[in-house]
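Undergrad:
Protein chains in written order, with this note's numbering: chain A, 3 to 318; chain B, -12 to 309.
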């Protein structure tokens, strides 16, 4: 069964999603974004019809995929659910736990799925480590380290990404990937000690998490690397074994290659989403887990602002 | 120069003895209150066992490689004998004791150097010079790891809360804390430790340790000082820092000066290092400072500053209530 996807948004993530849905064998039917000029450009670039309202999106697709700035997630997802369509939304799920809960409730009442695109769970190296850890091969997890280090965003996304009130800053937008992975591997977080430096599109954040299981996790997320740079790292130490990532197999200097390992990871995510929506698989990540990651990220933001470690409230 | 050892239970003591001999100095003797441990160490190192009194007569300089909680006692004895001291880190198991060690040596007019060998790595020196010149721009974050195998297998006092003052937090935090302060030319304004004892849970001390730091100029730093490396890994530990600053990013790996050797018969991989590494350069500097009666490049005050960070991390941590 091929799903018809309606894209809401016309920025970088919307482009990534179009390519990934297609690579996953699904049909992207149309695009909507509030600015006529942006959606016209996007429509031409991707060979997609564009529409001028969410209602028209719903009329022409089975699944609404929300790739808009974070401060618009709640409003659009609730509207999409009310229109009776399954919803995919980019991470972070929302800017506040209250919004996330409202989105979840709206989808539940409408009887539609809410899938949050925490794509890092689909990195094959991470899936491998999670499988091995779940099977007990690493033993009790003692200390984990994650780094997700990027240059600043360029182009029009800087307008909203660089505004913490709209994006949640580097912690909610970037570090949240590894916060979610840490929770997936080691369970709920009880305490966060975090700090940030910089502002706008150039921020750098560090955090130390304490999990209820006893595991401790070190996180580092950056928008302050050189432009175009991107690097991730993980090291998972258990009392039976350690798992660690290595440098990527393709590295270039002075050249921007047209392909990226990330393409396959996004496609794997949407292949999985399609199976979930067809009722053939349980979601790898639920909206409840996405909300937990958001709660930890918000606690980290509070810790960085108050320069004090923070207890995570409401961690289930 | 004639050099004596006060306390021999630190795992580095035997390496220091070998290095000093390579540098052409005489290791005249060693003392330790534990006579059995002393006898065993002297047999391995071929250094004569001695009483402390005899040692303070025959030696021209002393190296303190005892358990951490004995540092102050030795500092008082050696300073009153007027001998220069190279002291293992951290200086003490409490801030007042660490400050007292510095004070006692200053009052007696003796040289006090803290054993922070990473100060003598070419990479650390290069980064210091580069930053001091301002070329780094605003430093945003220093992100470092200094992990190791579990040292209590070889020297059980490392996991003794009274003798070591704590576990992983008291073992490795000081090296990176010292480099960060040296590079940034500042002590941190905020230090917070997050620790656990999931690894080696019977140790009775923290065995994994993460420290977050903030500096007066707004710089952030993080240290992973965990005892998280396997006992039979290719190398005893890691020492690497990623520097994110206005100029860009620099990755420093102080353990990269090795050659990877694979044994064809056993398939075993080993990392081999030259013997005259930073620790030997540190010893040469200690001897030179003692001979020239001058301040060493790593002072007692530097050791106090770095030890204070480890102690602050240790004392800031409150295990979350379960």
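The beta-carbon is built from N, C-alpha and C at its ideal position, and this holds for glycine as well. Since this is a predicted model, take the numbers as computed values, not measurements.
#1: Between the region 152 to 163 of chain A and the region 305 to 314 of chain A, do at least 3 Cβ pairs fall closer than 8 Å?
#2: Here's a check: name, in chain order, each residue in its chain whose Cβ is nearer than 8 Å to the Cβ of residue 207 of chain B, leaving out the five neighbours to either side.
#3: Across the region 257 to 267 of chain B and the region 144 to 161 of chain B, are there enough close Cβ pairs to call them in contact, namely three or more that are closer than 8 Å?
#4: What first and last residue would you give for the alpha helix (DSSP H) that runs through residue 275 of chain A?
#5: Spatial neighbours of residue 40 of chain A within its chain, please: C-beta separation below 7 Å, excluding the five flanking residues on both sides.
#6: Determine the closest residue to residue 1 of chain B out of B/270, B/133, B/255, B/-12, with distance taken between C-alpha atoms.
#7: Going along the chain, which residues of its own chain have a beta-carbon closer than 8 Å to the beta-carbon of residue 316 of chain A, five neighbours each way excluded?
#8: Below 6 Å CB to CB, which residues in the same chain sit around residue 239 of chain A once its five sequence neighbours on both sides are set aside?
#9: In chain order, what residues of the same chain have a beta carbon less than 6 Å from the beta carbon of residue 237 of chain A, not counting five sequence neighbours either side?
#10: Tell me the start and end of each unbroken alpha helix (DSSP H) in the region 135 to 195 of chain B that is at least 4 residues and wholly inside, in chain order.
#11: Cα-Cα, which of B/151, B/171, B/97 is closest to residue 116 of chain B?
#12: Using Cβ-Cβ distances below 7 Å, what residues of the region 129 to 162 of chain B are close to chain A?
#13: Closest to residue 279 of chain A by C-alpha separation, out of A/77, A/17, A/28, A/22, would be which residue?
#14: Looking only at C-alpha atoms, which of A/265, A/92, A/126, A/114 sits nearest to residue 174 of chain A?
#15: Secondary structure at residue 243 of chain B, three-state DSSP: helix, strand or coil?
#16: Identify the continuous beta strand (DSSP E) that holds residue 227 of chain B and give its terminal residues.
#17: Okay, do the region 285 to 293 of chain A and the region 100 to 120 of chain A touch, 3+ Cβ pairs below 8 Å being the bar?
#18: Taking Cβ positions, are residue 293 of chain B and residue 164 of chain B nearer each other than 7 Å?
#19: Whose C-beta lies closer than 7 Å to the C-beta of residue 70 of chain A among residues of the same chain, with five residues either side of it excluded?
#20: What separation, rounded to the nearest whole angstrom, lies between the Cα atoms of residue 173 of chain B and residue 297 of chain B?
#21: Measure from the C-beta of residue 179 of chain B to each C-beta in chain A and report whether the shortest distance is under 7 Å.
#22: Taking 8 Å as the cut-off, does the region 107 to 118 of chain A touch the region 133 to 140 of chain A (at least 3 CB pairs, one atom from each stretch)?
#23: For a cutoff of 7 Å on Cβ pairs, would you count residue 7 of chain B as touching chain A?
#24: What first and last residue would you give for the beta strand (DSSP E) that runs through residue 23 of chain A?
#25: With DSSP as the reference, label residue 113 of chain B as helix, strand or coil.
#26: Does the region 110 to 120 of chain A touch the region 189 to 201 of chain A, meaning 3 or more C-beta pairs lie closer than 8 Å?
#27: From the beta carbon of residue 213 of chain B, is the nearest beta carbon of chain A less than 7 Å away?
#28: Determine the chain B residues that contact residue 206 of chain A at a beta-carbon separation under 7 Å, and present them in chain order.
#29: Output the distance between the C-alpha atoms of residue 249 of chain B and residue 221 of chain B, rounded to the nearest integer angstrom.
#30: Buried or exposed: residue 278 of chain B, going by 16 or more other Cβ atoms within 10 Å of its Cβ?
#31: Among residues of its own chain, excluding the 5 on either side of residue 140 of chain A, which ones have a beta-carbon nearer than 7 Å to its beta-carbon?
#32: By Cβ distance, which residues of its chain are closer than 7 Å to residue 288 of chain B, with the 5 residues on each side in sequence left out?
#33: For the region 183 to 202 of chain B, list every residue whose C-beta sits within 9 Å of some C-beta in chain A, in sequence order.
#34: Sort B/39, B/45, B/20, B/50 by Cα distance to residue 4 of chain B and report the nearest one.
#35: Please classify residue 18 of chain B: is it buried, with 16 or more other beta-carbons within 10 angstroms of its beta-carbon, or exposed?
#36: Using 8 Å as the cut-off, can you tell me whether the region 36 to 50 of chain B makes contact with the region 133 to 140 of chain B, which would need three or more C-beta pairs spanning the two stretches below that distance?
TA: In short:
#1: no
#2: In the second chain, counting from the first residue as 1, residue 207 of chain B sits at position 220. Taken in chain order, the residues that qualify are 127, 128, 129, 199, 200, 201.
#3: no
#4: In the first chain, residue 275 of chain A corresponds to position 273, counting from 1. 263 to 279 is the extent of the alpha helix (DSSP H) around residue 275 of chain A.
#5: Here the question's residue 40 of chain A lines up with position 38 in the first chain. So the qualifying residues of the chain are 12.
#6: Counted from its first residue, the second chain places residue 1 of chain B at position 14. When each option's Cα is compared against that of residue 1 of chain B, the closest is B/270.
#7: For the purposes of this step, residue 316 of chain A is identified with residue 314 of the first chain, where counting begins at 1. Since pLDDT at residue 316 of chain A reaches only 45, below the 50 mark, its modelled position is unreliable, and the value read off the structure follows with that caveat. Here the set comprises 99, 297.
#8: The sequence position of residue 239 of chain A within the first chain is 237, counting from 1. Answer for residue 239 of chain A: 144, 145, listed in chain order.
#9: The residue you call residue 237 of chain A lines up with position 235 of the first chain. Answer for residue 237 of chain A: 147, 246, listed in chain order.
#10: 148 to 151, 155 to 158, 160 to 171
#11: Reading the second chain from its first residue, position 129 is the one you call residue 116 of chain B. Looking at the Cα atoms, B/171 is the closest of the given residues.
#12: 130
#13: Mapped onto the first chain, residue 279 of chain A falls at position 277. Residue 279 of chain A has its Cα closest to that of A/28, out of A/77, A/17, A/28, A/22.
#14: In the first chain, counting from the first residue as 1, residue 174 of chain A sits at position 172. If we check each option's Cα against that of residue 174 of chain A, A/92 comes out closest.
#15: Along the second chain, read from residue 1 onward, the residue named residue 243 of chain B stands at position 256. Coil at residue 243 of chain B, not helix or strand.
#16: The residue you call residue 227 of chain B lines up with position 240 of the second chain. Residue 227 of chain B -> beta strand (DSSP E) spans 227 to 232.
#17: yes
#18: Position 306 of the second chain, counted from the start, is the residue given in the question as residue 293 of chain B. Position 177 of the second chain, counted from the start, is the residue given in the question as residue 164 of chain B. Their beta carbons are under 7 Å apart, which means residue 293 of chain B touches residue 164 of chain B by this criterion.
#19: In the first chain, residue 70 of chain A corresponds to position 68, counting from 1. Closer than 7 Å at Cβ, skipping near neighbours: 10, 11, 78.
#20: Within the second chain, residue 173 of chain B is the residue found at index 186, counting from 1. Within the second chain, residue 297 of chain B is the residue found at index 310, counting from 1. Between residue 173 of chain B and residue 297 of chain B, the C-alpha separation is close to 15 Å.
#21: For the purposes of this step, residue 179 of chain B is identified with residue 192 of the second chain, where counting begins at 1. Closer than 7 Å to some Cβ of chain A, the Cβ of residue 179 of chain B qualifies, so yes.
#22: no
#23: As a first step, residue 7 of chain B is located in the second chain; it is residue number 20 there, counting from the start. Taking Cβ atoms only, chain A never reaches closer than 7 Å to residue 7 of chain B, which makes this a no.
#24: For the purposes of this step, residue 23 of chain A is identified with residue 21 of the first chain, where counting begins at 1. First-last for residue 23 of chain A: 14 to 25, but that is the alpha helix (DSSP H), not the beta strand (DSSP E).
#25: Stepping through the second chain from its first residue, residue 113 of chain B is reached at position 126. Correct three-state label for residue 113 of chain B: helix.
#26: no
#27: The sequence position of residue 213 of chain B within the second chain is 226, counting from 1. By this cut-off, residue 213 of chain B is an interface position.
#28: Position 204 of the first chain, counting from 1, holds the residue named residue 206 of chain A. 127, 128, 207, 231, listed in chain order.
#29: Residue numbering aside, residue 249 of chain B sits at position 262 when the second chain is read from its first letter. Residue numbering aside, residue 221 of chain B sits at position 234 when the second chain is read from its first letter. Roughly 11 Å between the two C-alpha positions.
#30: Locating residue 278 of chain B in the second chain gives position 291, counting from the first residue. By the 10 Å Cβ count, residue 278 of chain B comes out exposed.
#31: Within the first chain, residue 140 of chain A is the residue found at index 138, counting from 1. For residue 140 of chain A, where only same-chain residues beyond five positions count, the Cβ hits under 7 Å are 134, 238, 240, 242, 243, 245.
#32: Reading the second chain from its first residue, position 301 is the one you call residue 288 of chain B. For residue 288 of chain B, where only same-chain residues beyond five positions count, the Cβ hits under 7 Å are 89.
#33: 183, 184, 185, 186, 187, 188, 194, 195, 196, 197, 198, 199, 200, 201
#34: On the second chain, residue 4 of chain B is found 17 positions in, with the first residue counted as 1. Nearest C-alpha to residue 4 of chain B: B/50.
#35: As a working mapping, residue 18 of chain B is identified with position 31 in the second chain. Flag for residue 18 of chain B reads buried.
#36: no
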